[in-house]
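Participant:
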Amino acid sequence: MAHHFRKDMVIYQIYPRSFQDSNGDGLGDIPGIISRLDYLQSLGIDTIWLSPVYKSPNADNGYDIADYKAIQPAFGTMEDFDNLVAQAKARGIGIVMDLVINHTSDEHEWFQKALAGDEKYKDYYIIRKGKDGKLPNNWGNFFAMCPWSKFGDSQDEYYLHLFAEKQPDLNWHNPAVLEEVKDIMRFWLQKGVVGFRCDVINILYKNTLENGKKQLALTGREHYLSTPGCHQILKTLRKEVLDEFNAFAVGETVFVTLDQAGDLCNEDRGELDMVFSFEHMGCDDLGLKWFKTRLSPKRLMKTLVKWQTGLAWNTNYFENHDQPRFISRFADSDGFRREASTMMAGLTMTLRGTPFIHEGQEIGMTNGNFRCLKQIQDIESHTVNEMAKSLGIPAKMRWNMIRRGTRDNGRMPMQWTDGPNAGFTTGKPWLKINGDYKEVNVAKEQLDPDGVLNFWKQMITLRKTDEALIDGDFVPVMVSNNIFAFERVLNGRRLLSLCNMTGKAVKLPAHLQSWDKKIIGNYTTGTAEYLQPFEFRLMEESGE
Ligand code: NOJ
C-alpha cells in the first residue's frame with residue numbers, strides 16, 4: 018500500500034527547546050515554531066521532524082516521556098500543537114513526531130504504578146533480581162553508566178535502562194506494551210501528523226538478558242540489535258497502524274549494518290521506509306565517538322559510497338541534535354565556513370535518498386565555544402565525564418573529549434538575528450548562544466543572495482524538482498583524498514556531482530573536466546580544471 022513516504026521529500030529537524038522562544042522563558046516553544054513557519058516555507062522544505070514535545074521531566078530533554086498524549090507545558094498546549102499541524106499543512110508542510118518507545122520516563126504513570134506494586138505494570142518494564150548480590154547481567158549503557166538501577170525500595174530487584182536512570186526500558190515481550198503504543202500512534206495520526214521518526218528503534222526487543230560478550234562499549238548489544246522480535250513489532254505497527262493512515266516511518270537504528278538496514282527498509286517486508294545509519298558519522302573517531310581524530314574525507318566518501326550502492330534508499334544527514342556541527346568536523350574548514358556549508362548543501366541534496374536538514378545547518382551554524390563543563394547541559398556529557406574520571410583520564414583530556422563531542426554542539430539556540438540572544442529569546446537562554454551569532458544569523462543571510470542560506474534554498478528547490486536528483490541511480494565515479502564525484506542517472510540523463518571535501522584547491526582529472534553544462538555551484542569564479550577549497554559543482558552534459 019502506498020504511504021506518505023515520497024521520494025521528493027526534504028525534511029527539516031526542529032529541536033523545539035532551541036528553535037524559537039515566544040514567551041521569554043528561555044526555552045523554545047510551539048508558538049515560536051508557528052511564528053517561523055513562513056521562514057520554513059520559504060526555505061522550501063515540506064516536512065518537519067519535531068524532536069519530542071511530550072510531557073517530560075527532561076532528564077534527556079524530552080526523550081524521557083512522562084505522558085505520550087500530553088504536550089510539555091513549557092512548549093505550549095495541545096491547542097498550540099493542533100494549530101501547528103493546521104498552519105503547517107496550510108503551507109504544504111507535514112509534521113513528523115518523534116516516537117520514543119524503547120523507554121519511558123520513570124515519572125510515567127506506568128512506571129509509577131509498577132513501583133506501587135501493580136503487577137500488570139511491573140510487566141511493562143524489565144525488572145530482574147540480582148544474582149548473588151550482583152547485577153542481573155554484564156550489559157553496558159549508552160550513557161556510559163550502569164544500565165541497572167534498584168527498583169524502588171526493593172532489596173534485590175533492578176530495572177533495566179539502556180539510557181539514563183530516569184529512562185526505564187519497556188518490556189516488548191509483553192503484548193500489552195504493543196497495544197499501548199498502537200493507541201499512542203493512532204492518537205497523533207488522527208491529529209494529522211504524517212509519520213514518525215522512531216527513536217533507537219532497532220533495540221526494542223531484547224532476545225535474552227544473558228551476559229553479553231565483552232566489548233569496548235555496550236556489552237550485551239548482540240542480544241538486542243535488530244532481533245526477529247523487533248522486525249515483528251515493526252511489521253505489526255506498519256500493517257495495523259501506519260498503513261491505515263498512509264503514514265511513513267524513519268527509524269533511528271544504532272550500530273545498524275548494511276544487511277540489517279536492507280531488511281528493515283525492505284518494501285516487501287513492510288517495516289520502515291528508511292533508517293538513519295551511523296557509519297558515516299564515525300569518520301573522525303577511533304571506534305568511540307569520544308575519541309576523535311582528524312576527519313578523513315576519504316573515509317567519509319568511501320562510507321557514503323558503500324551505503325549509497327548497498328541500500329536502495331538512504332537518509333542523507335550530516336547533523337542532528339546528537340551530533341556536533343558537521344562543518345566544524347572538517348579540521349581545516351576554518352576560514353571556509355561558507356564554502357564548507359554550501360558544499361555540504363550540494364552533497365546532501367545530490368546523494369540518493371531523503372535529505373535531512375538540522376535547524377541552523379542552512380545558515381552554517383558551527384560548534385559551540387563552550388569553555389567548561391558547567392556550560393554544558395547534556396546528560397550524556399556529564400555521565401561520560403564521570404566514567405572517564407573513574408578511569409583516571411585527566412581533566413584536561415576529558416574536557417577536550419567533551420568539548421568536541423558533546424551533543425550540545427548541535428543543540429545551541431537557533432541564530433535568527435544579530436540582536437540580543439540572537440533573536441532566540443528575550444529571556445535567559447537555556448543553553449548558551451554561540452559566540453559567532455553576529456556573523457552567523459538568518460537575518461544577515463536573508464540579505465545576501467550569495468550567502469549560505471540562499472544556496473541551501475536553491476539546492477532544496479533543485480532536489481525537489483529535478484527527476485534525476487529525486488530518483489536517479491547513484492553511480493560512483495571517483496573517491497580520492499579530496500574529490501568526491503558521482504553521477505545521478507535517470508533514463509539516460511546524467512548529472513555529475515563534484516565535491517572538493519577539503520580546504521585545498523585540487524586539479525580535476527581530464528574526464529571530469531569535460532562536462533560542459535554547469536547547473537549550479539557554490540563558486541562563481543574558477544576554471545574547469547580545478548576545484549577550489551570546498552567547491553561543489555553540479556554538471557550535466559549538454560549533448561552538443
Ligand atoms: C536517540 C536520541 O536521538 C537521543 O537524543 C536520545 O538521548 C536517545 N535516543 C535516547 O532516547
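Note that the working numbering has the sequence shown beginning at 18, numbered continuously upward. We put the CB at the ideal spot given by N, CA and C, even for glycine. Fair warning: this is a prediction, and the values are worked out from it, not measured in the lab.
Assuming T332 contacts V292 (C-beta within less than 8 Å), just tell me the rounded distance between them.
Facilitator: The sequence position of residue 332 within the sequence shown is 315, counting from 1. The sequence position of residue 292 within the sequence shown is 275, counting from 1. Confirmed, Cβ separation roughly 7 Å.
Participant: Run the proximity test for R424: is its beta-carbon closer than 8 Å to any non-hydrogen atom belonging to the ligand NOJ?
Facilitator: On the sequence shown, residue 424 is found 407 positions in, with the first residue counted as 1. For the ligand NOJ, at least one heavy atom lies less than 8 Å from the Cβ of R424.
Participant: Touch check for the stretch 262-273 and the stretch 209-216: three-plus C-beta pairs under 8 Å?
Facilitator: yes
Participant: Using DSSP with H/G/I as helix, E/B as strand and the rest coil, what is K319?
Facilitator: Along the sequence shown, read from residue 1 onward, the residue named residue 319 stands at position 302. Three-state DSSP puts K319 in a helix.
Participant: What's the C-alpha gap between I558 and L529?
Facilitator: One-based indexing of the sequence shown puts residue 558 at position 541. One-based indexing of the sequence shown puts residue 529 at position 512. As written in the sequence, residue 558 is Glu, which differs from the Ile given in the question. Cα to Cα, the separation comes out at about 11 Å.
Participant: Leaving out five residues before and five after T383 in sequence, what residues of the same chain have Cβ atoms less than 8 Å from its Cβ?
Facilitator: Position 366 of the sequence shown holds residue 383. The answer, listed in chain order, is R342, I344, S345, R354, N451, D453, V457.
Participant: Count the other CB atoms, across all protein chains shown, that sit within 10 Å of the CB of T94; report buried if there are 16 or more and exposed otherwise.
Facilitator: The count along the sequence shown starts at 1 and reaches residue 94 at position 77. Burial call: exposed.
Participant: Only counting the same chain, and skipping five residues up and downstream in sequence, which positions put a Cβ closer than 6 Å to that of G79?
Facilitator: Locating residue 79 in the sequence shown gives position 62, where the first residue counts as 1. Once the five neighbours on either side are set aside, the close Cβ partners of G79 are P69, S73.
Participant: Taking 5 Å as the limit, name every residue whose beta carbon sits nearer than that to some heavy atom of the ligand NOJ, in sequence order.
Facilitator: D77, Y80, F180, D216, V217, D339
Participant: Take N498 and list the residues in its own chain whose beta-carbon comes closer than 6 Å to its own, dropping the five residues that flank it on each side.
Facilitator: Within the sequence shown, residue 498 is the residue found at index 481, counting from 1. If we look at N498 and ignore the five residues flanking it on each side, its Cβ neighbours are K315.
Participant: Round the Cβ separation of K535 and R510 to the nearest angstrom and send it over; I've been treating them as touching at under 8 Å.
Facilitator: Along the sequence shown, one-based indexing puts residue 535 at 518. Along the sequence shown, one-based indexing puts residue 510 at 493. At roughly 16 Å, the Cβ-Cβ gap does not stay under 8 Å, so K535 and R510 are not in contact.
Participant: Taking only runs of the beta strand (DSSP E) that begin and end inside the stretch 475-521, which ones reach a length of at least 3 residues, in chain order?
Facilitator: 490-496, 500-507, 510-517
Participant: On the DSSP letters alone, give me the boundaries of the alpha helix (DSSP H) that V459 sits inside.
Facilitator: Numbered from 1 along the sequence shown, position 442 holds the residue referred to as residue 459. 459-463 is the span of the alpha helix (DSSP H), which, as asked, contains V459.
Participant: Should A357 be labelled buried (16 or more other beta-carbon atoms within 10 Å of its own) or exposed?
Facilitator: On the sequence shown, position 340 is the one that residue 357 refers to. By the neighbour-count rule (16 or more Cβ atoms within 10 Å), A357 is buried.
Participant: Pick from P153, C247, A181: whose alpha carbon is nearest that of M124?
Facilitator: Counted from its first residue, the sequence shown places residue 124 at position 107. In the sequence on display, residue 124 carries Glu and not Met. Among P153, C247, A181, the Cα nearest to that of E124 is on A181.
Participant: Taking D63 as the reference, give the member of R480, G134, W165 with the closest Cα.
Facilitator: On the sequence shown, position 46 is the one that residue 63 refers to. It is R480 whose Cα lies nearest to the Cα of D63.
Participant: Please classify A19 as buried or exposed, where buried requires at least 16 other C-beta atoms within 10 Å of its C-beta.
Facilitator: As a working mapping, residue 19 is identified with position 2 in the sequence shown. Legend: pLDDT at A19 = 42, less than 50; position of this residue unreliable, no value from coordinates given.
Participant: With burial defined as no fewer than 16 other Cβ atoms inside 10 Å of the residue's Cβ, what is the status of E546: buried or exposed?
Facilitator: One-based indexing of the sequence shown puts residue 546 at position 529. That one is exposed.
Participant: Have a look at the DSSP bridge pairing and note the partners of E376.
Facilitator: Along the sequence shown, one-based indexing puts residue 376 at 359. The partner list for E376 (beta bridge, DSSP) is empty, contrary to what the question assumes.
Participant: What did DSSP end up calling N333 once you bin it into helix, strand or coil?
Facilitator: By one-based count along the sequence shown, residue 333 stands at place 316. Three-state result, N333: strand.
Participant: H240 by DSSP, collapsed to three states: which one?
Facilitator: By one-based count along the sequence shown, residue 240 stands at place 223. Here H240 sits in helix by DSSP.
Participant: Can you round the beta-carbon distance between L448 and P430 to whole angstroms, since I take them to be within the 8 Å contact cut?
Facilitator: By one-based count along the sequence shown, residue 448 stands at place 431. By one-based count along the sequence shown, residue 430 stands at place 413. About 6 Å separates the beta carbons of L448 and P430, which is inside the 8 Å limit, making them a contact pair.
Participant: Alpha carbon to alpha carbon, how far is K319 from W66? Give it in angstroms, no decimals.
Facilitator: Within the sequence shown, numbered from 1, the residue matching residue 66 stands at position 49. Within the sequence shown, numbered from 1, the residue matching residue 319 stands at position 302. Approximately 28 Å between the Cα atoms of the pair.
Participant: Shortest alpha-carbon distance to G109 belongs to which of F501, E126, G61?
Facilitator: In the sequence shown, the residue the question calls residue 109 occupies position 92. Per the Cα distances, G61.
Participant: According to the neighbour-count rule (16 or more other Cβ atoms, all chains shown, within 10 Å of its Cβ), is Q172 buried or exposed?
Facilitator: The residue given as residue 172 occupies position 155 in the sequence shown. Counting Cβ neighbours within 10 Å, Q172 comes out exposed, since fewer than 16 surround it.
Participant: At which residues does the beta strand (DSSP E) containing G212 begin and terminate?
Facilitator: The count along the sequence shown starts at 1 and reaches residue 212 at position 195. 212-215 is the span of the beta strand (DSSP E), which, as asked, contains G212.
Participant: With H, G and I counted as helix, E and B as strand and the rest as coil, what does DSSP make of H248?
Facilitator: To locate residue 248, count along the sequence shown from 1; it is residue 231. Helix.
Participant: Counting pairs of Cβ atoms below 8 Å between the stretch 482-500 and the stretch 394-414, do you hit three or more?
Facilitator: no
Participant: For the alpha helix (DSSP H) holding S407, just list the boundary residues, first then last.
Facilitator: Looking up residue 407 in the sequence shown gives position 390. Element bounds for S407: 396-407.
Participant: Just to confirm, are H375 and Q89 a CB contact at a threshold of 9 Å?
Facilitator: Residue mapping note: residue 375 aligns to position 358 of the sequence shown, counting from 1. Residue mapping note: residue 89 aligns to position 72 of the sequence shown, counting from 1. Cβ atoms of H375 and Q89: not closer than 9 Å.
Participant: Return the residue from the list H297, P245, C300 that minimises the CA-CA distance to Q277.
Facilitator: Counted from its first residue, the sequence shown places residue 277 at position 260. Considering only alpha carbons, the answer is P245.
Participant: Is the number of C-beta pairs between the stretch 506-522 and the stretch 398-408 that are closer than 8 Å three or more?
Facilitator: no
Participant: Considering only the alpha carbon of each residue, which of D38, L464, K445 lies closest to A91?
Facilitator: Numbered from 1 along the sequence shown, position 74 holds the residue referred to as residue 91. Minimum Cα distance to A91 is reached at D38.
Participant: Can you tell me the Cα-Cα spacing of N614 and H178, whole angstroms?
Facilitator: Beyond the ends of the chain as shown, which are 18 and 561, falls residue 614; an answer cannot be given.
Participant: Would D135 be called buried (16 or more neighbouring beta carbons within 10 Å of its own) or exposed?
Facilitator: Against the sequence shown, residue 135 aligns to sequence position 118. Per the 10 Å Cβ criterion, exposed.
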